[in-house]
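What follows is a single structure, written as structure tokens, with notes after it.
In this note's numbering, the protein residues as written are 2 to 95.
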């Protein structure tokens, strides 16, 4: 996860679909170990863990954007000025 922070700051973050694909190797490896007699190697665990950790940071960025969007929709629903809400959402990065 620590590697994901500077990557997100300096290079940005990929599309949400790519983030989900980055998480799949660890999920697949974990379920495979749980459901079969397969035992993962330490190198495989390290690589899938690094990939998942980086993707996890990106997922938090998307979660933040989603929360800002939901808050904006609630404010609009409650009668706030849509232009003001849009400006606030833009300033927060939503």
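The C-beta atom is built at its ideal place from N, Cα and C for all residues, glycine as well.
(request) Could you confirm whether any beta carbon from chain B is found closer than 8 Å to the beta carbon of residue 28? (result) You won't find chain B in this structure, because it holds only one protein chain.
(message) Does residue 24 come out as helix, strand or coil in the three-state DSSP assignment?
(response) helix
(message) If the criterion is Cβ atoms closer than 8 Å, does the pair residue 9 and residue 58 meet it?
(response) yes
(request) Using three-state DSSP, classify residue 79 as helix, strand or coil. (result) coil
(message) Need the endpoints of the alpha helix (DSSP H) that residue 13 sits in, please.
(response) Careful: residue 13 lies outside any alpha helix (DSSP H) and carries neither H nor E.
(request) May I ask you to report which of helix, strand or coil DSSP gives residue 3? (result) coil
(message) Taking 8 Å as the cut-off, does the segment 65-83 touch the segment 35-53 (at least 3 CB pairs, one atom from each stretch)?
(response) no
(request) Give me the Cα-Cα distance between residue 82 and residue 92, rounded to the nearest whole angstrom. (result) 16 Å
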